[in-house]
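Undergrad:
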Amino acid sequence: MSQSSNQPNRLGEGGRIDRARTLSFTFNGKRYQGHAGDILASALLANGVDIVNRSFKYSRPRGIVAAGAEEPNALVQLGSTEAAQVPNVRATQQALFEGLTAQSTNGWPNVQRDVMSLVGKLGGRFMPPGFYYKTFMAPASMWMTYEKYIRKGAGLGRSPMERDPDSYDHLNQHCDLLVIGAGPAGLAAALTAARGGARVILCDEQEEMGGSLLDSRELLDHQPAARWAEQVVAELAGRDNVTLLARTTANGYHDHHFVTLHERRTEHLGETAPTVNGYRPARSRMHRVRAGQVVLATGAHERPLVYAGNDVPGNLVAGAVSTYIRRFGVVPGEKLVLSVSNDHAYRAALDWDEAGREVVAIVDARLAPDGDLVEQARARGIRIIEGAAVLEAKGSTRVSGARVATIDAEAFTVTGQAETLACDTIASSGGYSPVIHLASHTGARPTWNDEILGFVPSLVKGVHAAGSARGMHDLAKGLADGVAKACEALSALGLSADAITLPQVDAIREGSGCALYQVPHEKPTLRAPKQFVDLQNDVTSAAIELATREGFESIEHVKRYTAMGFGTDQGKLGNINGMAIAARCLGKSIPEVGTTVFRPNYTPVTFGAIVGRHCRELFDPERYTALHQWHVENGAEFEEVGQWKRPWYFPKTVNGKQESLDEAVARECLAVREKVGILDASTLGKIDIQGPDAREFLGRIYTNKWAKLAPGRARYGLMCKDDGMLMDDGTTSCLAENHFLMTTTTGGAAGVMEWLELWHQTEWPELDVTFTSVTDHWATMTVTGPEARKLLAEITDIDLDRDAFTFMDWREGKVADVPARVFRISFTGELAYEINVQANYAMHVWKTLFAHGEKYGLTPYGTETMHVLRAEKGFIIAGQDTDGSVTPEDLGMQWAVGYDKPNSWVGKRALSRSDTRRADRKQLVGLRPKDPKVVLEEGAQIVFDPDHAIPMPMVGHVTSSYYSPTLGSGFALAVVKGGQSRMGETVYLPMADGKTHAAEIVGTIFVDPKGERQNV
Amino acid sequence: MSDHTATWYNLYDARPHSEVPAESPLAWSYHHSGRPSVSQKSRVVLRERAMAGHLILRGGAIVLDEAVRGVLGFGLPGRPNTLTLDERGERSIQWLSPDEWLLIVPGGEEFALEKRLREALGDAHYAIVNASGGQTLIELTGDKARELLMKSTPYDVHPEAFPVGKGVTTVFAKANLILRRPTEERWELVLRRSFADYLYRWILDAGAEYAIGVEE
Amino acid sequence: MFHIYCPYCEEHREEEEFHAKGQAHIARPADPEACSDEQWGDYLFFRDNPRGIHHELWVHAVGCRKFFNITRNTVSYEILETYKMGERPRFTAEHPEGKPAETVAAEKVADEADMVERQEGVKA
Amino acid sequence: MQRYSGFGLAKHALSHHENWERQWRNPTPKKQYDVIIVGGGGHGLATAYYLAKEHGITNVAVVEKGWLGGGNTARNTTIVRSNYLWDEAAALYEHSMKLWEGLSQDLNYNVMFSQRGVLNLGHTLQDMRDIQRRVNANRLNGIDGEVLDAKGVQEIVPIMDCSKNARYPILGASWQPRAGVARHDAVAWGFARAADALGVDILQNTEVTGFKIRDGRVYGVHTNRGDIEAKTVGCVAAGNSGVLAKMAGFRLPLESHPLQALVSEPLKPVLDTVVMSNHVHGYISQTDKGDLVIGAGIDGYNGYGQRGSYPTVEHTLQAIVEMFPIFSRVRMNRQWGGIVDTCPDACPILSATPVKGLFFNCGWGTGGFKATPGSGNVFAWTLAKNQAHPIAAPFSIDRFHSGALVDEHGAAGVAH
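Chains as they are written, first to last, in our numbering: chain A, 17 to 1032; chain B, -19 to 196; chain C, 529 to 652; chain D, 3 to 418.
1) Specify the secondary structure class of V48 (chain B) as computed by DSSP and reduced to three states.
2) Could you check which residue in D:N61, D:E56, D:G68, D:K32 has the C-alpha nearest to that of N242 (chain D)?
3) Anything in chain B within Cβ reach of Y536 (chain C), meaning under 9 Å, just list it in chain order.
4) Specify the secondary structure class of P297 (chain A) as computed by DSSP and reduced to three states.
5) Do you know offhand how far I322 (chain D)'s Cα is from W664 (chain A)'s?
6) For E850 (chain A), count neighbouring Cβ atoms within 10 angstroms of its own Cβ and tell me buried if that reaches 16, exposed if not.
7) Within 8 Å (strictly less), CB to CB, does K636 (chain C) reach chain A?
8) With S1058 (chain A) and D409 (chain D) assumed to form a contact (beta carbons below 8 Å), what rounded beta-carbon distance in angstroms separates them?
9) Secondary structure at N122 (chain D), three-state DSSP: helix, strand or coil?
10) How do the region 349 to 360 of chain D and the region 638 to 656 of chain A stand: do at least 3 beta-carbon pairs fall below 8 Å, yes or no?
11) What's the gap between the Cα of V1119 (chain A) and the Cα of G345 (chain A)?
12) Does the distance from the C-beta atom of L128 (chain B) to that of L120 (chain B) stay below 8 Å?
13) Find the residues of chain C that neighbour H403 (chain D), judging by a C-beta separation of less than 7 Å, and give them in chain order.
14) Between the region 146 to 162 of chain B and chain C, which residues of the former have a C-beta closer than 7 Å to a C-beta of the latter?
15) Would D497 (chain A) count as contacting chain D if we go by Cβ distances under 8 Å?
16) In terms of residues, what are the limits of the alpha helix (DSSP H) holding A176 (chain B)?
17) I want to see whether chain A comes within less than 8 Å of L572 (chain C), judged by CB atoms only; does it?
18) For M278 (chain D) and V149 (chain D), which I take to be in contact (beta-carbon distance under 8 Å), what is that distance rounded to the nearest angstrom?
19) As an exercise, report each continuous alpha helix (DSSP H) stretch of at least 4 residues that is fully enclosed by the region 245 to 290 of chain A, in chain order.
20) Go through its chain and collect everything with a Cβ distance to R205 (chain B)'s Cβ below 6 Å, but skip five positions before and after it.
21) Any beta carbon of chain B sitting closer than 8 Å to that of N856 (chain A)?
22) So, for A723 (chain A): in the same chain, excluding its five sequence neighbours on each side, which residues have a beta-carbon less than 7 Å away from its beta-carbon?
23) Can you check which of these residues, D:V220, D:H411, D:V276, is closest to T355 (chain D) by C-alpha distance?
24) What residues in the region 615 to 630 of chain C bring their beta carbon closer than 8 Å to a beta carbon of chain D?
25) Among C:E542, C:E539, C:P535, C:I581, whose alpha-carbon lies nearest the alpha-carbon of G626 (chain C)?
26) Sort A:P290, A:R78, A:L218 by Cα distance to D192 (chain A) and report the nearest one.
27) Could you tell me if N601 (chain C) is buried or exposed, where buried requires 16 or more neighbouring beta carbons within 10 angstroms of its beta carbon?
28) Contact check, Y178 (chain B) vs P637 (chain A) under 8 Å by CB: the rounded distance?
29) Look up M249 (chain D) in the DSSP assignment and give the residues it is bridged to.
30) Does L134 (chain A) pass the burial test, meaning 16 or more other C-beta atoms within 10 Å, or should it be called exposed?
31) Does DSSP put A2 (chain A) in a helix, a strand or coil?
32) With a Cβ-Cβ cutoff of 8 Å, do V322 (chain A) and V195 (chain A) count as a contact?
33) M162 (chain D): buried (16+ other C-beta within 10 angstroms of its C-beta) or exposed?
34) Counting Cβ pairs closer than 8 Å, one from the region 283 to 303 of chain A and one from the region 480 to 496 of chain A, do we hit at least three?
35) 8 Å is my cut-off, CB to CB: does T602 (chain C) come that close to chain D?
36) Helix or strand or just coil, what does DSSP make of Q49 (chain A)?
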């Protein structure tokens, strides 16, 4: 075969690439060309690029080893701009596109000449596994300095430093059968189920569906296997009941057949998503699939042999050689030595030979191999060295030769004299490991199978493995297995499918392989040149041997001590070899050493894809009241309360300068105390309670009494958990004999609703009562201040006379022509009306209030002012003045505790436990700083003795603290040990700045202690 | 009306009878996020049916069914997660839970309906709650409406799993809503007022790919 | 992510619609005031926490808002059954393969009698 | 015990590492010990080490059903801090912190305790009140810490989005400079090696199947390798504590929940401190290998499967990308789950039990790793003296009857 002019390793024909479409790309600053249909790895090999990276620990030059997800070395940093950077992209899984820009993740100043490699060369022997546990300990103070230098060597690729220009999304999918892997077994399974009419999803991680059929030597119905795959894919694509997902990796298998499929939608088109019809689609998409049954047709990964120098560029796994030649028309070298333990890998030599390059020898660990492929190789005159293996690869930046000798695999010895064969490529195969990762995610432990020399998956109900994924590597059997597993799966769902007619396979007879993992060397493992097991983490056979010598005997210990399998490839190539080496060192069998446990992800997944659209402004819902637009337009600053955005304060701009928080709050507070203010209180939870037992229920769930609350009246209530600690509070109004409206705190609304349902449904189902959230139905505006009555009177037909409509009454009527329920409830201590209207009309009512309110000085206020005003009155805020460890008694709210109610309401029993009866519990009190200018810090800790040495005994803390414009001083609420019996005593608050504040313990009500202002 | 009803429950018409400007829960969203126009390219179209009457019915199915039949002329859906519609498709009743249904009727009918139902129900154990101000209904049509829903809810919206006449409360983005399919082409979403803007922004974002348009 | 059959909605729903609420069948003592501190603490805080079959309370929070019970294996996470409040499990640690049919039937009769008594007790 | 040092390492290198000793023995169980520790994780091994080192009790067996350090020690996100709110918890975690500070030298094993500081972010006004309260308490308890505003946070972590545009803007944080991370496996191995050197028998692959109890007193355990006797038994089995308690005939106020964590692919250093946020639910640090280690929330259901629910991982990464938008294109490598035994008050149990001679150390919930040396230290004292160490005393099981809980939900939160 001829070769392409500027791509030295590109064959003139063959492969599934489009030679008519040439693509240029840049690697490590140099421009190259490849073709449409290439992956980055094939394009690099076509161009003769040997060194693609430097290794993590020893900084050794590394080349491409494999052709798929198992590749450990060829990790690149992708992206031509800062924002488009993607770290650690596997060149074997990245489709080539025009303009692709990539760099090696390691190597300084460049991957060819790397300074760190000196460290690796000279210092390698000083860096056995776990070396850092054994050193850098003296002096103790130096570790942070040592660590700084160690960290300089950390990492592979780098994070972008700019925001991601791309978007991602999710698609929730449901199907009867999910088939993972579109190789022979997967295609057969999907086709069977599809023709049976089931809802089917078929996904495959590669650019093209077909799996091993795409580079198979076998014929199906006397035509290339890839042709059959194309026909099946075409039929599936035409069916409504099938979803085909190429470039889609099943990365995690979660409970009850929930599988996440990561679809790379645009990564083959460019480094950022290109615009299609004026829209930039999601760069990748996570399919969240709920499947009825799942067929795992995930195939197998070839296991390389472990020999000295097996990491030098030019060492590949045998199957990858075939893949590059047959799929991409690329021969990754001139002269091949193939080292194998099985027949199947002979394909590499045959393909190499057909590509017109030299096969120096096939080195077979078996004594008398005799399968069809072996015979074909013999017939072509290829030299086959039996009972032997490659002991050592020679060369530093590219393989220059292979030292070969006969070995006794079982005795782990070299039996013959080594011969050096000149070559530039060594391909090896130690057998095939089923891809059991997904089955392993379900928690099922794989089991070792001696016949196939690999772990086969254990399967939970509803999961079926087919073909190579369970060690059935024979093509005809694999196809039939796919059909059988699809039928099984459908029948488990109560569906049925007929077996499809399978293509005829021209069988290739293969002899059985032998067990060979680590190839013996003339020198003992600890003295031999490095034999790599995990190429990405630079774990050698010597490291594993050393770990076992040091007592790390469980495979989990070996892995953790050496870092084997912890790379981004999760040990797809190396884990079994590592286990075999550990087993050899410990004199055990592989299954005795342990099993191998895989966790999601199968291959790494972009954070963005997992996040989906739930980012930026859609990270979490923002809940708005019906008056939000007014707040925005009137300059409100907002506070986060749960998911709500509540106006925090309304800064005014005076003379071009915006008020500070303190200035605005002082103004708002005075407006309420002296004139009238208005608060949007719509966020308070509101629950409509109906039923003959509503009153009884309230009596059980609240600490206080409800038996006598008359229609037209409202009452404040406390709600505790059954441990006696306050959980929420609010007023509840009696709308009619069997009808109540409960209010809750803003943050507590959903929790209280569920709490009511919990008690009703699980403890008291016999009570006839229902709860319905009406939080969103009603908008609530609090009009409060001395002028409130006058203002409201202008626009309502309700009789606001102080004796007709008294404190804690509610009335129906119209406000601004809108039907309203108005509650005389006050959280400010001033005359107050809480107006509830159907939310769709709230804006009209609010604006009407302002239209009439100007002359009264109507001032909108936010949560901060609300906090100051209520604190001046000693009203608590659940969650601020309480923290889940405070009882109603601690709050001094015995008046709201119905000790003599006939039932044991929720929380009652707990109040008589020994700890809740202690006299020195922390109790809510007021604090008046000795210096009136001081506003204590919220969260400041309180001590009795300011001169006590640290640790100081703390007796409480400040829960709420503000400057009161009404008092002209700071004031606070606090909890203090035994505080209710310490009125008048002085406590101290030692602060971070070294100052210690003194404050007097006072009652909790600072303004209008008799409550006259709200009763006017 | 039975004597009890008046004293036992507070029956209350919250809808003004004079001309008062009203704002749907999406008023702010239209103002702030705009309404992408409907075009030939729009493969999803959103339309709000604002200001409808929404009533929550609680109680036993048999008693309520009888009352509803008498008042509205059609009954409660018999199965969980389904809805029934009147002949013109203007009024609907949806199963929400074994003792809870959602009635949606043209705006303005809800108070009279509640009154008549309460009369019909007499002393039975039941509850009716007007929720008209707390939620709004939007419709999604277009050949990509289903895919937009797939981006947003884990519930299976495949026609086999979600036939016409089905309705469920489920997760949608990070909020929840009621999702229903009254006709072959139309999906209806009942949104809670306070979440409406978030959901609107979500739907526009997810629908941009399909050139989503919002009918005025 | 679990796939949970809601016994009220009569279909499977995604776990995202549900909240786990801890061990099932923990009845509040009938007369809390008669409990010792130890008994009250046991009711509030002490749990079986088994490795294996577990009966647990869940709520279909985004859905019908009903509480119900699940029998689930806490190791394999397999859900063996879901059942309504007031009903008894068929699968238990003693009967991991399910109780015999006659036991289930007998329990049902007993539970119904219990329920009637409870209802009448309230009315009276 | 062969001492580790840089010089020793060099010497071994010259002999091709052929002469390293085992780090611990693999002994045959004896019939009788003075003390049996059930559970060979970090806490159990630390208990055994301090029993031998500080109390001279060396006839100790650590009974581990799997491989040592294979439970939550191997599965956590390695954060070490002591800025807890309540005096009782602060004393316990600060005791531990002080031991951490000399641990590598004490054990002659580099546990890579990296005091790179921990930020606990505040996103709401209430978060900030809680932070102020906690930091003030820490300060008066002699624990380092300060309150930072958003600008201060930005200076420490320039790559974080501290702008007002975030959905939940960062308002500030608490900052504990002495806090940090440690190499989790090394902690177990270091304690194991040091305990072994003092004569402790570490019995791996030895599963306790029951307790030998007579007249309300424990006198040994049944195992799959035969009975082993001791008059004092300490159970330190984290997620499996409830199962052990059942064997001993009582219940605990515990539930075992899945707690998940995940790591990114290795990246060049980009984040040099630990960032935790209770509000948006996520926390993150970067290891010396370059992985971003990310902690997820706890799942609401009981689970021993070492797996949790996928939405928990989604929510966690959403929070991480909310705080660090630049990580959107970074890729998640692996996720896993541990089994955390949680108490109703988010504090541990270090306590005697209804069975005399049988003690439990459990209920660490999401906060166990950071307590490893301190927990082992006070538990050893408790076992040696048959009396609660003063620091351990508030963490008795009795508190769930008296009501004297130490509610650390605020400080513990999702974050560890």
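For every residue, glycine included, the Cβ atom is placed at its ideal position computed from N, Cα and C.
TA: This is what the structure holds:
1) Correct three-state label for V48 (chain B): helix.
2) Nearest of D:N61, D:E56, D:G68, D:K32 to N242 (chain D), Cα basis: D:G68.
3) For Y536 (chain C), the neighbours in chain B by C-beta distance under 9 Å run, in chain order, P60, S77, P78.
4) In the structure shown, P297 (chain A) sits in coil (DSSP, three-state: anything other than H, G, I, E or B).
5) For the pair I322 (chain D) and W664 (chain A), the Cα-to-Cα distance works out to about 27 Å.
6) The Cβ neighbour count for E850 (chain A), taken over all protein chains shown within 10 Å, is at least 16; the residue is labelled buried.
7) no
8) The first residue shown for chain A is 17 and the last is 1032, placing residue 1058 (chain A) beyond what the model contains.
9) Three-state result, N122 (chain D): strand.
10) no
11) Here chain A comprises residues numbered 17 to 1032, so residue 1119 (chain A) is not present and cannot be evaluated.
12) Their beta carbons are under 8 Å apart, which means L128 (chain B) touches L120 (chain B) by this criterion.
13) In chain order: D565, E566, G569.
14) T149, T150, V151, N156
15) No, its Cβ sits nowhere closer than 8 Å to a Cβ of chain D.
16) 176 to 187
17) yes
18) The pair is not a contact, with the Cβ atoms about 15 Å apart (cut-off 8 Å).
19) none
20) The structure shown does not extend to residue 205 (chain B), since chain B is modelled only from -19 through 196, so no value can be given for it.
21) yes
22) So the qualifying residues of the chain are R711, G715.
23) D:V220
24) Those residues of the region 615 to 630 of chain C that come within reach of chain D (Cβ to Cβ, closer than 8 Å) do not exist; the list is empty.
25) Considering only alpha carbons, the answer is C:I581.
26) Of the residues A:P290, A:R78, A:L218, the one whose Cα lies closest to the Cα of D192 (chain A) is A:L218.
27) buried
28) 4 Å
29) Answer is none; M249 (chain D) lacks a bridge partner.
30) exposed
31) Here chain A covers residues 17 to 1032 and nothing more, so residue 2 (chain A) does not appear.
32) no
33) buried
34) no
35) yes
36) It is a strand residue.
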